[in-house]
Amino acid sequence: MGNSSGPSKGEDEPTEQEVGPGDKAIPAHIRAYMNKIFDPLPDGNCGFCCIARALGYKVEGWFQVSGRGHREAGAYTKLQGACNTFLPLRSRPLAESEPIYLLHVNGNHWVLPVIPGKDGVKPISPPVLASRMTTKIAKNWLSHIQKGIALYARGPHAR
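Printed below as a string of structure tokens:
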């Protein structure tokens with residue numbers, strides 16, 4: 001942080017907006033956790049722009065994201081219409097690893113919800129797991145997200 005050569009947000013970019021209770025494009029169970037949303041331009045690159053923003057790049061940083069992620073993104077062109085958790089199993093979680101929330105709205109647009117969480121824990125939907133997790137990395141990730149899974153299971157209004 002504070003490294004001027006690293007990713008940074010630009011002045012002329014779309015900003016995060018407040019989320020109102022009447023925003024019908026956002027499912028109620030997700031809206032209850034959110035306080036803001038990043039809504040990029042609907043130019044066909046909105047998903048890449050959301051990932052770039054989540055990683056701390058300027059909006060034009062989506063070029064770097066799309067160069068690395070187009071194959072993975074292509075694997076998920078058919079939307080499942082549910083809340084899915086994907087774990088990056090190429091490396092183990094770091095202490096500061098946080099979830100990235102992508103929300104598909106209106107059938108054709110990606111936005112980035114800002115979800116602050118509770119007491120430092122952010123809700124995470126349970127991942128779809130193989131019947132036997134064999135890698136240490138997978139087990140490390142599951143252990144790392146347990147509190148988030150528990151928060152998600154309790155719901156947004158649990159105390």
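With full-length UniProt numbering, the residue at position 23 of the sequence shown is 23, and numbering never jumps.
C-beta atoms are modelled at their ideal positions from N, C-alpha and C, and glycine is treated no differently.
Query, Result
"Bridge partners - His109, DSSP secondary structure assignment", "Val105"
"Residue nearest to Glu98 in terms of C-alpha spacing, selected from His109, Leu41, Phe86", "Phe86"
"Residue environment, Val19, which counts as buried when at least 16 other CB atoms sit within 10 Å", "buried"
"Whole-number beta carbon distance between Pro116 and Ile37, since they are thought to touch under 8 Å", "Contact doesn't hold; Cβ gap of about 12 Å is too wide."
"Beta-bridge pairing of Val128 - partner residues as DSSP gives them", "For Val128, which the question treats as bridged, DSSP gives no partner whatsoever."
"Straight-line Cα distance separating Tyr33 from Pro156", "6 Å"
"Three-way DSSP call (helix, strand, coil) for Lys36 in this model", "strand"
"contact_flag[the segment 121-134, the segment 42-51] where n(CB pairs < 8 Å) is 3 or more", "no"
"Contact belief for Asp23 with Arg31 at Cβ below 8 Å, rounded distance in angstroms", "7 Å"
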